[in-house]
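Undergrad: Encoded as structure tokens, here's the structure I'll be asking about.
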Amino acid sequence: MSKKQFLKMVILGDSGVGKTTLLQQYVTQKATGNSKPTIGADFQKKEVMVDNQQVNLQIWDTAGQEKFQSLGYAFYRGADSCALVFDITNHKSFENLAMWKKGFIENASPGDVNTYPFVVIGNKLDKEVNRQVTSQEARQWCKDNGDIPYYETSALENISVDSAFLEMAKTALKRGTQNALFSLPESIGGAGGAIKLNNFEDRGGAGAKGGAGKKKKNGTCC
Ligand SMILES: Nc1nc2c(ncn2[C@@H]2O[C@H](COP(=O)(O)OP(=O)(O)O)[C@@H](O)[C@H]2O)c(=O)[nH]1
Ligand SMILES: [Mg+2]
Numbered sequence: 000m001s002k003k004q005f006l007k008m009v010i011l012g013d014s015g016v017g018k019t020t021l022l023q024q025y026v027t028q029k030a031t032g033n034s035k036p037t038i039g040a041d042f043q044k045k046e047v048m049v050d051n052q053q054v055n056l057q058i059w060d061t062a063g064q065e066k067f068q069s070l071g072y073a074f075y076r077g078a079d080s081c082a083l084v085f086d087i088t089n090h091k092s093f094e095n096l097a098m099w100k101k102g103f104i105e106n107a108s109p110g111d112v113n114t115y116p117f118v119v120i121g122n123k124l125d126k127e128v129n130r131q132v133t134s135q136e137a138r139q140w141c142k143d144n145g146d147i148p149y150y151e152t153s154a155l156e157n158i159s160v161d162s163a164f165l166e167m168a169k170t171a172l173k174r175g176t177q178n179a180l181f182s183l184p185e186s187i188g189g190a191g192g193a194i195k196l197n198n199f200e201d202r203g204g205a206g207a208k209g210g211a212g213k214k215k216k217n218g219t220c221c
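Be aware that the sequence shown starts at 0, since it is given in numbering that gives the first Met the number 0, and climbs by one per residue.
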């Protein structure tokens, strides 16, 4: 079997759209809707097969800090893919996707933004009667933002949750192999919470580029 791959994924979106429930459903096949993540940046692990390759996913969820838009640098650092989640019954959460995407780009500095593996997820599909965002509207936004794949899910009823995460892994892997050609090891270590990520292949050449300043801001650098 070929070398094990590691992928870091992050989930962004307004508070209440269902990020934690999506992750819980994906990782444990359960959605109780009442799990509280631990304080601070929090991630879950899952091992999956993607195109005959074993992949270790590390999926980062917020611990509620999204309300204050105060996600630390460790959250974004070296992310291989990013899910932008909104609630189809809450138009405002859809409008805020642009802000989340911009925040991600500013913090993760993911190189060529147009080819970055974003996935947009419109969650709470089981509440179709309360829908405020049409599929067409969402698809148009995705098209205008570099042809981002779009999924409608129900974290509660486990509709299309696996497919959305699988898409993230697939596109991230594809891009990862392309980037591997260019990635030289960066020697910035000891970055506070980011230490956890040092187990990961540091393909984040671009991530590290914009990050040094931010790390200093957190008082955790070097
Ligand atoms: N009906 C419905 N409710 C959901 C769904 N996903 C999450 N929820 C509920 O929405 C609320 C917020 O979910 P949560 O995962 O905590 O959102 P987060 O703040 O984005 O992490 C909880 O009461 C969940 O049970 C879904 O697909 N359908
Ligand atoms: Mg949450």
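Heads up, the beta-carbon is just placed ideally off N, CA and C, and yes, glycines get one too. Computed from a predicted model, the values in this text were never measured in an experiment.
1. Go to K126, then tell me how far its alpha helix (DSSP H) extends in each direction, as first and last residue.
2. Kindly list the residues whose CB is nearer than 8 Å to the CB of Y75, restricted to its own chain and excluding five residues on each side of it in sequence; keep chain order.
3. Nearest to L11 by alpha carbon, out of T114, E46 and G121?
4. Closer than 8 Å by C-beta to T37: which residues in its own chain qualify, once you throw out the five before and the five after it? Chain order, please.
5. Considering only residues of the same chain and omitting the five flanking positions on each side of V112, which have a CB-CB separation below 6 Å?
6. In chain order, what are the residue ranges of uninterrupted beta strand (DSSP E) at least 3 long that sit wholly in the segment 44-91?
7. Count the other C-beta atoms from every protein chain shown that fall within 10 angstroms of the C-beta of E94, then say buried if there are 16 or more, exposed otherwise.
8. Just verifying my parser: in three-state terms, what is the DSSP assignment at G12?
9. DSSP three-state label for V160, please.
10. Just the Cα atoms here: how many angstroms apart are N157 and G15?
11. Tell me the residue span of the beta strand (DSSP E) that contains Y149.
12. Any beta-carbon of chain D closer than 8 Å to the one on N113?
13. Could you tell me whether the Cβ atoms of V132 and Y25 are closer together than 8 Å?
14. Taking P148 and E136 to be in contact with their CB atoms under 8 Å, please state how far apart those CB atoms are, rounded to whole angstroms.
15. Quick test of your reading: L6 and A168, contact by CB under 8 Å. State the CB separation rounded to the nearest angstrom.
16. In three-state terms, what does DSSP make of D143?
TA: Let's see:
1. Taken as a continuous stretch (DSSP letters only), K126 belongs to no alpha helix (DSSP H), as it is neither H nor E.
2. V9, F103, N106, A107 and G206
3. G121
4. With a pLDDT of 48 at T37, under the threshold of 50, the modelled position of this residue cannot be trusted, and the question is left open.
5. I104
6. 52-60 and 80-86
7. exposed
8. strand
9. helix
10. 17 Å
11. Y149 to E151
12. Reference to chain D is not applicable here, since this structure consists of a single protein chain.
13. no
14. Not quite, the Cβ-Cβ distance comes to about 16 Å (not below 8 Å), so this is no contact.
15. 6 Å
16. helix
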